[in-house]
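Chemist: Residue numbers (the working numbering): 12 to 250.
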Ligand code: URA
């Protein structure tokens, strides 16, 4: 039963949550079904889009635009279906991501996966996950402005190819860089921002690594996820 599964997900995330009765009803599915129409009126043929993704991936993996290429094990491009409606954006690969070449596969990634599952999302089927930086900063330090400037064009091209219906920025670094602001994360939450020429809705929440250190804020993160889901559902309904 969907409600029971939902409760189990929340338990797995570590949110001891009272689920209201009103929330128990059936929900619209999240994410575009495989084979459904892409956003935009006249999309390029699928083979062309796939070739553009591949070209971008190999550029990222060979990139030497900033000094991080000297210390990384490999570039971490992104993961998920190339036609996902949802795009989650984090900060930069950590040690485990650097080793495995995939975003969010360490402890924070496990929490992120559980959070996404709670709203019906899975990196294998309906959400694409990428980072602002494609290379790991040594010692997990914050990205430097010049590294962000060198790397953001790759993310911009990923966004242009994916054309997500909604973006979820996790953590201060992703949110502030995508929105070109230094407003604190707490004040960016709870509203719909707009990104790029397509005015893509963008919602902000806490980084899962922060939530691992500050479990008391998981409840607020859950509010953010529900908010993002409702923004997505309203948009899907209007189209
Ligand atoms: N933190 C991030 O922001 N991204 C990752 O891929 C892993 C940890």
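Built from N, CA and C at the ideal position, the CB exists for glycine as well.
At which residues does the alpha helix (DSSP H) containing residue 60 begin and terminate?
Modeler: Segment 57-72, the alpha helix (DSSP H) holding residue 60.
Chemist: Just curious, the alpha helix (DSSP H) that residue 165 is in, first and last residue?
Modeler: Element bounds for residue 165: 156-173.
Chemist: Can you find a heavy atom of ligand 1 that lies under 6 Å from the Cβ of residue 208?
Modeler: Incorrect: residue 208 has no Cβ contact closer than 6 Å to ligand 1.
Chemist: Does the distance from the CB of residue 141 to the CB of residue 86 come in under 7 Å?
Modeler: Cβ atoms of residue 141 and residue 86: not closer than 7 Å.
Chemist: Work out the CA separation of residue 212 and residue 204 for me, nearest whole Å.
Modeler: Spanning the two alpha carbons is a distance of roughly 6 Å.
Chemist: Taking Cβ to Cβ, would you say residue 179 is nearer than 7 Å to residue 99?
Modeler: Contact flag set, yes.
Chemist: Helix, strand or coil for residue 241? Go by DSSP, reduced to three states.
Modeler: Three-state DSSP puts residue 241 in a helix.
Chemist: Going along the chain, which unbroken runs of the alpha helix (DSSP H) with 4 or more residues stay wholly within the segment 177-202?
Modeler: Here the runs fully enclosed are 183-190, 196-199.
Chemist: Check the DSSP bridge columns for residue 99 and list the partner residues they point to.
Modeler: 140, 179, per the DSSP bridge assignment.
Chemist: Buried or exposed for residue 216, please, with buried defined as at least 16 other CB atoms from any protein chain shown within 10 angstroms of its CB.
Modeler: Burial call: buried.
Chemist: Are the Cβ atoms of residue 91 and residue 138 separated by less than 7 Å?
Modeler: Yes, the Cβ-Cβ distance between residue 91 and residue 138 is below 7 Å.
Chemist: Report all residues from its chain with a CB closer than 7 Å to the CB of residue 238; omit the five preceding and five following residues, and keep chain order.
Modeler: Cβ within range, chain order: 201, 214.
Chemist: Going by CA-CA distance only, name the one from 147, 68, 128, 172 that's closest to residue 106.
Modeler: Looking at the Cα atoms, 147 is the closest of the given residues.
Chemist: I'd like to confirm the pairing. Which residues does DSSP put opposite residue 206 in its beta bridges?
Modeler: In DSSP, residue 206 forms a bridge with 211.
Chemist: How about residue 219 and residue 122: are their beta carbons less than 7 Å apart?
Modeler: In contact: residue 219 and residue 122 (Cβ atoms closer than 7 Å).
Chemist: Apart from the five residues on each side of it in sequence, which residues of its chain come closer than 6 Å, Cβ to Cβ, to residue 77?
Modeler: Closer than 6 Å at Cβ, skipping near neighbours: 158, 161.
Chemist: What does the alpha-carbon distance come out to for the pair residue 109 and residue 227?
Modeler: If I take the Cα positions, the gap works out to 29 Å.
Chemist: Mind checking residue 176: buried by the 16 CB within 10 Å criterion, or exposed?
Modeler: Residue 176 comes out buried.
Chemist: In the DSSP assignment, find the unbroken alpha helix (DSSP H) run with residue 110 in it and report its ends.
Modeler: Segment 106-111, the alpha helix (DSSP H) holding residue 110.
Chemist: I want to check one thing, is the minimum distance from the CB of residue 251 to the heavy atoms of ligand 1 below 6 Å?
Modeler: Outside the shown range of the chain, which is 12 to 250, sits residue 251, and nothing can be said about it.
Chemist: What are the boundary residues of the alpha helix (DSSP H) that includes residue 120?
Modeler: Here the alpha helix (DSSP H) through residue 120 covers 118-129.
Chemist: Just to confirm the assignment, what range does the alpha helix (DSSP H) spanning residue 219 have?
Modeler: Unbroken alpha helix (DSSP H) run through residue 219: 219-224.
Chemist: Measuring alpha carbon to alpha carbon, tell me which residue in 198, 194, 53, 64 is nearest residue 167.
Modeler: When each option's Cα is compared against that of residue 167, the closest is 64.
Chemist: How many Å lie between residue 56 and residue 172 at the Cα?
Modeler: One C-alpha to the other measures close to 12 Å.
Chemist: Report yes if the C-beta of residue 115 is less than 6 Å from at least one heavy atom of ligand 1; otherwise report no.
Modeler: Yes.
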